[in-house]
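Residue numbers (the numbering used here): 548 to 777.
Each residue gets a CB set at the ideal place from its N, CA and C atoms; glycine is no exception.
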Ligand SMILES: [Zn+2]
Ligand SMILES: [Zn+2]
């Protein structure tokens with residue numbers, strides 16, 4: 548399993564190319580913005596990009612979809628249906644975040660309408676990339692349609708903005724719910740083994756075991772500090 552991370556966008560988002568080393572089939576998880584380095588990596592390594600796989604619809608995860616799809620027109624584009632409003636509303640997302648219209652171009656947030664999705668993720672589906680098999684798990688809470696992708700043989704999980712090293716995703720944006728996020732994390736991520744390596748949408752890699760013991764949002768420490776342990 549080949550995993551290459553590109554940390555891009557003003558949000559330091561982790562865009563990843565994940566490939567089956569034997570068949571060279573590849574996916575790009577969350578292209579955050581247009582990136583020549585990303586396109587060149589796929590081409591120079593002889594990878595066949597079969598899909599742009601989106602964990603959720605926020606701009607820092609889908610902003611590069613249009614350019615990548617132009618470079619690799621055969622690639623499917625897949626997102627959960629509950630985040631379609633975010634995805635197709637991409638040009639308006641920066642404005643909803645309070646960024647002024649005259650700042651959009653300078654920050655790289657002047658998006659065109661994104662390309663049509665090929666299809667939607669289904670919770671529980673197995674998505675094959677060469678010999679890799681990803682189980683698709685719906686994890687609402689950060690957004691309504693967030694999914695995570697788990698490769699259970701290789702023990703790797705790509706969690707987008709659900710879970711970070713020592714933290715969890717923000718839930719103050721539209722569609723967010725902290726209670727729902729914690730439930731999703733416990734049911735769809737922490738239920739896997741401690742030796743799974745966790746690849747987050749921002750920040751460093753971690754493991755499920757490390758987060759189980761150290762992450763204050765999962766150990767109960769956070770609720771205690773908020774005075775609502777029960
Ligand atoms: Zn997000
Ligand atoms: Zn993000």
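Cβ shell of residue i (< 6 Å), same chain only, five flanking positions each side left out
i           : result
residue 595 : 571, 572
residue 762 : 713
residue 586 : 618
Element boundaries [alpha helix (DSSP H), containing residue i]
i           : result
residue 559 : Premise fails: residue 559 is in no alpha helix (DSSP H) and is neither H nor E.
residue 747 : Premise fails: residue 747 lies in the beta strand (DSSP E), 744-747, not in any alpha helix (DSSP H).
residue 705 : Residue 705 -> not in any alpha helix (DSSP H); beta strand (DSSP E) instead, spanning 703-707.
residue 729 : 725-731
residue 615 : 612-618
residue 588 : 583-591
residue 640 : 640-643
residue 741 : First-last for residue 741: undefined, no H or E at that position.
residue 607 : 606-609
N- and C-terminal bounds of the beta strand (DSSP E) containing residue i
i           : result
residue 756 : That residue, residue 756, is in no beta strand (DSSP E); its alpha helix (DSSP H) goes 755-761.
residue 625 : 623-626
residue 647 : It is not in any beta strand (DSSP E) - residue 647 carries neither H nor E in the DSSP assignment.
residue 696 : 694-698
Neighbourhood of residue i by C-beta distance below 8 Å, restricted to the same chain and skipping five residues each side
i           : result
residue 663 : 624
residue 635 : 660, 661
residue 704 : 695, 696, 697, 698, 736, 739, 743, 744, 745, 746, 755
In DSSP terms, what residue i is bridged to
i           : result
residue 666 : 625
residue 575 : 564, 599
residue 682 : 673, 697
residue 552 : 563
residue 715 : 710
Own chain residues within Cβ distance below 7 Å of residue i, not counting five before or after
i           : result
residue 759 : 737, 741, 765
residue 702 : 740, 742, 743, 744
residue 651 : 641, 657
residue 694 : 602, 627, 668, 683, 684, 685, 686
residue 724 : 688, 718
Cβ-Cβ separation, residue j to residue i (assumed contact under 8 Å), whole Å
i           : j           : result
residue 722 : residue 684 : Not really, about 18 Å apart at Cβ, beyond 8 Å.
residue 563 : residue 550 : 6 Å
residue 555 : residue 582 : 6 Å
> Between the segment 704-711 and the segment 724-739, do at least 3 Cβ pairs fall closer than 8 Å?
Replying inline: yes
>> I'd like to know if the segment 551-564 and the segment 669-682 are in contact, where contact means that at least 3 CB-CB pairs between them fall below 8 Å.
In response: No, the segment 551-564 does not touch the segment 669-682.
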